[in-house]
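What follows is a single structure, written as structure tokens, with notes after it.
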Amino acid sequence: MIRVEGLVVRFGDVAAVRGVDLTVGPGECLALIGESGSGKSTIARALLGLAGAEASVAARRLEIGGRDARDFDERAWRAVRGRLVGFVAQDALGSLDPLRRVRDEIAEPMLIHRTAPAGEIGARVVDLLGRVGVPEPRVRAAQYPHELSGGLRQRALIASALAAEPGVLIADEPTTALDVTVQARILDLLADARRAGTGLLLISHDPAVVARLADRVAVLRDGEVVESGPAERVLGAPEHPYTRTLLDAVPRARTAGSPPGSRVVLEATGIGKSYGARAAVRDVSLRLRSGETIGVVGESGSGKSTLARILMGLVRPDAGEVRLDGAPWSALPERRRRPRRGRIQLVHQDPHGSFDPRLTVGRIIAEALPRGPGRRARALELLEMVGLSAGHLDRRPRRLSGGQRQRVAIARALGAGPGVLVCDEPVSALDVSIQAQILDLLAGLRHRLGLAMVFISHDLSVVRGVSDTVMVMKDGRVVEEGPVADVFERPSHPYTRTLLAASPTRASRAHAAPHER
Amino acid sequence: MIPGALTRPSRARPAGPVLAGAVLVVLAVAVAFPGLLTGRDPVVTDLTAALSPPGAGHPFGTDELGRDVLARVVYGARTSLLIGIGATVLGALGGTVIGLVAAAGGRRVDQALMRILDVALAVPELLLALVIVAFTGTGTANVLVAVGVAAVPNYARVVRGQALVAVRSGYAEAAVGLGTPWPVIVLRHVLPNVAGPSLLLATTGTGTSIISGSALSFLGLGPEPPAVEWGVMLADGRENLAVAWWPGVFPGVAVVAVVMSVTVVGRWLQARAEGRTA
Amino acid sequence: SGSGGGAPRAGGTLTFTTDIEPDVFDPHVSPADITGVIMRNVLDSLVAEDRDGSFKPWLATSWKISPDGRSYTFRLREDVTFTDGTPFDAAAVKANLDRVVAPATKSRYAAVLIGPYQSAEVADPHTVTVRLKRPYAPFLHALSTTYLGIYSPKALREHAADLAAGGPQNVGSGPFLLASRVKGQQAVFTRNPAYDWAPGTARHRGPAYLDKLVIGFLPENATRVGAVGSGQSDVADFLPAGQVRSLAGRPGLRVLSHESPGLVYSYYLNTERPPFDRREARLAVRAAIDTALITKAVFAGQYRPAWSPLSPSTPAYDATVENTWPYRPGEADRLLDGLGWTGRDTDGYRTKDGKRFAITLLYVPAYTKAERRTYDTAVQDALRKVGVQLTLKPLDGAAYTPIRDRGDYDIIAFAWGGSEPDLLRTVFHSASRLADGGANGARVHDPEIDAWLDRAAATTDRAARADLYAKVQRKVIAEGYSVPAFVASRQLAVRDRARDVGFDTSAWPLFYDAWVTGR
Amino acid sequence: MLRFAARRALAGVAVLWAAATLAFAALHLLPGDVADAVLGPNSGAPPQVRAQIRQDYGLDDPLPAQYLRHMAALATGDLGRSYQFGLPVSRVLADQVGPTAELAVSAAVLSVGLAFCAALATGGRGGAASAIAGGIGLLALSVPSYWLGILGLAVFSFRFGLLPAAGADGPQALVLPAITLALPLAGVLAQVIRQQLHAIGDAPFVLTARARGAGERRLLARHTLRHAGLPVVTLSGWITGALMGGAVLTETVFARPGLGRVLVTAVGSRDIPVVSALMLVSAAAFVVVNLLVDLAYLVIDPRLRASGAVT
Ligand SMILES: Nc1ncnc2c1ncn2[C@@H]1O[C@H](COP(=O)(O)OP(=O)(O)OP(=O)(O)O)[C@@H](O)[C@H]1O
Ligand SMILES: Nc1ncnc2c1ncn2[C@@H]1O[C@H](COP(=O)(O)OP(=O)(O)OP(=O)(O)O)[C@@H](O)[C@H]1O
Ligand SMILES: [Mg+2]
Ligand SMILES: [Mg+2]
Ligand code: NI
């Protein structure tokens, strides 16, 4: 279906992809792994002829559906996109048109390619939503993207990519925002599709996910494939040292050695928030001490991001109160909160949307820094802490990879020197090695400065690694909480048990047969 | 916006901004050293040579009193641009401040300001300008103020509308989360995002202000003769359009050239500031 | 008047476009020329003035003036009915004249025109006697204008407040009915089929030829000229002089031109304060202005320069003043030097005791045609050449009046149409103060002129009047109270299909005799 | 919703009241006598006429009394009697509203339509077509409208006789004025739309829509144009103002009856009843437009609906 040889993509003088060969056949799954910024998303976009105006694309060979795509005109590309090749973009949160209803977005490929009679489209949309695991599909179809949680949006996006039954699906980090139960469901769905003959180009930072699906794996570094082969071999016995570092960064406990302090820095009591009839958060309480990390896990749409925004004082709760450093916080007017804003910072779930598109990375970070000379130097220092370099300082967010953007968001949050950090999926787009680097960074801050964190993540192993206590959320409620070991070892709530069971652990990857369900 | 299929990005050198820049340079010369562009006096009449067509002695011809049209266009630049640009700057600045305050100042401030603007907008600009001029007297500066003040509500509305969208954006929220004070958020994030349409209005506004100024002159509240001003030239020139096109067409062309150049250069600068190639 | 070949034919529509739309359609109230032109079609007058200044019967068949000149007895036609069916009689005349002077009418011109009117008496149904407070020679002329036109008394009774609006309620006995009016656009007239009392000055009898007369209002010169050029209109009023020549050459178009009688456009120099309290200063300024050249340039050779305050087509015009005050810049310099304005400042203007020779001309732009402003600008430049700074000061209507009435100006300029030499009294008699509704712009207090003007108004002897008015003109020129500028012509562009559009003595177009050829 | 409506209605009334007050204040505080303005500079009216005018219109009463009388009359729907025309203001304005509305609405529709067409023509595709269309748009927004009108007249009516030069009868007479009024507006709107299209072109959802196989046209129609529509909605207040301002000049040039012309003469002769009535009309128009604008925001952008923060 797709066959590429010698693919080169340049952005100006920088070659983001240099001479990549790959093929995806019907019913076959090729996984692209590689560190953040290695060129995965760029390849995906280039295969759709959408590398962007600044990009120059060249290839020795580029065949899609058996035709030479090198001399495709717009028309020909359009026939390919959505129909021959479906695409799930990495930036799931911003990839649905905010002005259109979810159902219109999902129906669009069917309308464009006329793959379904007009009368049936409505029913199909609901069916698709159900298949990707969206509860209440009928209700959700009629909503607008901003009314959906991150995970719901991601599922809607996958549904739209599958709508016209494409021959090949390119999925760029399709499960970043999904909790493990839903993730499992999506992976099943993709496996089904593959069995039905759909080729799959899967881009993921998560070896566990790759292990579940891929027949073959290509490992990308700096735009070049350093290793490729059958999934079992590459994942099981990597040859290239880069691949090994990519896979072997095993999460370890980063809490050890620094017991939480006794001072309560953030306290929430009986928090509740509804959007119309939907209760996004109900009666949630938490106490966070300095140096402590509370992990928050839970179903997608269970109210985690809403909770984070309430803690931050960005959304006013309908019920309950948040106190910061023992003083009122959520009840204050914004003017009174402002001087203390630096104390508590948020890493947004949607970093892209939280950047002013007009500003460069340097200025975005500088905004968090105190006024004065040396701001740029400090910004660079922060960038380097999250594994970016001076070369990124003058770029605009649009020209960064997904993982790079996420790290900029972290750098910005740290720049303010907060005592409390609320992280909403801070490492969802990062490969394990960089994840490890970031988590070490946070652990260091916690250790040295007593940084307290509310850490929201769908990745149970990450949560387990960083948290002292953990809260499990479902339908806006905390269904279980306690010391992390207790909850993970002896889950009491049935939902927690499902969650843990569904987690594609690293342990499973060695013996995970690619075709196994 | 062109998707890069198997393409190289286009790197055309824009001819527009260069041309527009040249026009603005000529204009600047006309304002600063009109003598460099014409050797003639714009107010001296020569009744024996009234309405001579463009030719050797008078490249743009002469008007109904035999005054050199080129000289009048050149010398008129100063007054016209003063009114056009001055009034626009005044209107755009005032409007932007009010619009931003309304958008960022919370519901009550917004409501109050918007209702005041409704009233202000309801006052026909002409009337407002008339009243201002009636109190301050005629003359270039007063026309400038009158036209500028009359334009404030318009800019305010536009800025406020755009700002409302920007204020609710993710990045504005992120800035709130950083504890950035509102004024800074407004200046750093909201303003640049509302600048597009208002800049555009401002560039067009330059021409419109020249015209509004001339409408005032028309009612006798503008610069008095023999002051040279494009709007007045336009108004006078149209009387003879059927027999002599040049006194009415050249000042019009000057207005068009100014507005176009300002627009093109403004757009180019904006695109550069945003790092895109447009 | 313009006449074409062929016999007049009844039927058809004629469209006439003029520039200014009257605010008020009631000539008893409005001072506007255009109101007079428009309503002439609807309202008849007691008498009609002929081109030679004599008066012909109209609604009055004959009249007698008492020897003391203070009472006029009119014998009225008996066959006239207003278009609402009311018969015309002496009571109707009385009702109209009384209305003009009633304070509630707020007449802005007719009440002045009617002069020392005291009362009207109905002697019998068809005889009316008008009594004046003092002799008033221009009275017949006043009666002949539309401003003292005769409405149906029923209309006055029932619609007095609505007459200003213009519409079917404005009922007279004229050749047309005002059928409808669209404000800002046009007024439409239809023929009065019963009309059989045309004035003695008309070319035919019986009803008007036109079925319908449309009077459109197009203030923009270009649009008005364009409308007649494209055939959207048959006659365009007030052609800009600059376009006359090019229009005259267009096939299918004629240009009709009539010099307007009355006071020419003149600059009135304020004699009550320096510098124009000195005769030499006035004469110097006058000598510095080449009115012949300016007139030729500004009006593309269409208008003549003026020599007298009166237009040559006005009765009692004195031709002897012609060419008596030619353009002599050397003379201007000599006079100014003589007055001590010998210094020069950096801008090249004359100074005396460190003060610049600077004068102001007030004007109201809304009421000033572009051509006049151009003329003023040319004058400004002419004066600059002899070292005199003239500032043209625009003011809005309300601000202008008090300043003008106070006399806080050096020059004001205006023209005044009308075929009555007594207009001289309005501008030069010491009693015609601006604040009292007069127009003595030069603020002249000249006992000699006052006496001549009073005597002229008191006598009906045309020769004696002409002699007195000539004296006034010569004195005005000799003293340099005003600088006459140009003699305007009313110029109309007429399409070939429009025939026999007439002019009255004030050079206003008349439509009673007009007709149109078939398509 | 009902409370919202009531609040808006109340605010609307307040705006109208303020507008009327402002007009009253402005025109009474101007130097000079209203009676002089009524009479005009060249009238030979004797002083007693002036006195009569002052008396009839109550100009000799103290200002507060005049103000109260004026407001009381307005409250009962009586707009007063025009100084200048001597007629009830409602009658002066009655037949003028139609032509102006006709002109303004057709120009508004035309300009928005033209702007979107131009954006469609230039959107996405580069190349010559886009450059030419962009240039025309630029030209359109740079040309002073009344100058354009006069040139248009010179060419289409006088030279070729294609369209009537003046008046307000029939749709033909509307063509030139509407185009004259609409073109500069369309120029501005097209630029705004283009700019917005540019900005939105980078958004991830646009990439996704493209990845579904959406062509440029579909992209515009279904996605980006709605985003570009937002600033157009924002500009509608400006559009309304520009239409009203433009109507004054356009109506003069094309000799169309209408409110704009009435306004010019009324302001010139300080016809307070007419001017304040016109201000009421214009304020009412703005109140309505703003209401529509706010509703349009809600219709176009669902994000604002949820926050309920839009006024
Ligand atoms: N502005 C809004 N309007 C309406 N509903 C909303 C809004 N924001 C959130 N919701 C709803 O509230 C619920 C909780 O959303 P939230 O974003 O907090 O979920 P989450 O736990 O962060 O999910 P995910 O892991 O998928 O990001 C969801 O059902 C969502 O649809
Ligand atoms: N428009 C652009 N202009 C310049 N550089 C770009 C542009 N888009 C991407 N890049 C750069 O190209 C490289 C590859 O980016 P890409 O998005 O393909 O990475 P990725 O492998 O998807 O990373 P991630 O896992 O973080 O999403 C990165 O270094 C990125 O900064
Ligand atoms: Mg990526
Ligand atoms: Mg979330
Ligand atoms: Ni993950």
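Residue numbers (our numbering), protein chains in the order written: chain A, 1216 to 1732; chain B, 15 to 292; chain C, 0 to 518; chain D, 8 to 318. Where is the CB? At the ideal position from N, CA and C, for every residue including glycine.
Chain D contact for residue i (CB, 8 Å cutoff)
| i | result |
| --- | --- |
| B/ASP132 | yes |
| A/SER1231 | Note on identity: in this sequence residue 1231 of chain A is Ala, with Ser being the wrong assignment. So, not an interface residue. |
| A/ILE1327 | yes |
| A/PHE1226 | no |
| B/LEU127 | no |
| C/ARG107 | yes |
| B/VAL273 | yes |
Where the beta strand (DSSP E) containing residue i begins and where it ends
| i | result |
| --- | --- |
| A/LEU1660 | Premise fails: A/LEU1660 lies in the alpha helix (DSSP H), 1647-1664, not in any beta strand (DSSP E). |
| C/PHE485 | 481-486 |
| C/VAL99 | It is not in any beta strand (DSSP E) - C/VAL99 instead sits in the alpha helix (DSSP H) that spans 89-100. |
| C/ALA119 | 116-123 |
| C/VAL187 | 185-190 |
| A/PHE1670 | 1667-1671 |
| C/LYS351 | 349-351 |
Residue-level contact to chain C via CB, residue i, 8 Å cutoff
| i | result |
| --- | --- |
| D/SER314 | For D/SER314, the pLDDT reaches just 48, beneath the cut-off of 50, and the residue's location in the model is therefore unreliable, leaving the point undetermined. |
| B/GLU253 | yes |
| D/ILE279 | no |
Below-8 Å beta-carbon distance, residue i vs any chain B residue
| i | result |
| --- | --- |
| D/PHE92 | no |
| A/HIS1361 | no |
| D/LEU148 | yes |
| D/PHE293 | yes |
Contact with chain A by residue i, beta-carbon distance below 8 Å
| i | result |
| --- | --- |
| D/ARG88 | no |
| B/LEU214 | no |
| B/LEU201 | no |
| D/THR215 | yes |
Residue i - containing alpha helix (DSSP H), residue span
| i | result |
| --- | --- |
| C/GLU447 | 446-457 |
| A/ILE1486 | Segment 1479-1490 is the beta strand (DSSP E) holding A/ILE1486; no alpha helix (DSSP H) there. |
| C/THR222 | 220-228 |
| C/ASP466 | 461-478 |
Burial state of residue i, where buried means 16 or more other Cβ atoms lie within 10 Å
| i | result |
| --- | --- |
| D/ARG229 | buried |
| B/ARG122 | exposed |
Interface residues of chain G facing residue i [CB-CB closer than 9 Å]
| i | result |
| --- | --- |
| B/THR194 | The displayed structure is made up of protein chains A, B, C and D, and chain G is not among them. |
Any non-hydrogen atom of ligand 6 within 7 Å of residue i CB
| i | result |
| --- | --- |
| A/SER1310 | Among the ligands modelled here, namely ligand 1, ligand 2, ligand 3, ligand 4 and ligand 5, ligand 6 does not occur. |
Inter-stretch contact at 8 Å, needing at least 3 Cβ pairs: the segment 474-492 of chain C / the segment 226-238 of chain C: yes
Chain B contacts made by the segment 233-258 of chain C, where a contact means CB separation under 7 Å: PRO239, GLY241, GLN242, SER245
Touching by the beta-carbon criterion (3+ pairs, under 8 Å), the segment 54-61 of chain B and the segment 80-98 of chain B: yes
Contact set between the segment 206-221 of chain C and chain B, restricted to residues whose Cβ is under 9 Å from the partner: GLU219, ASN220, ALA221
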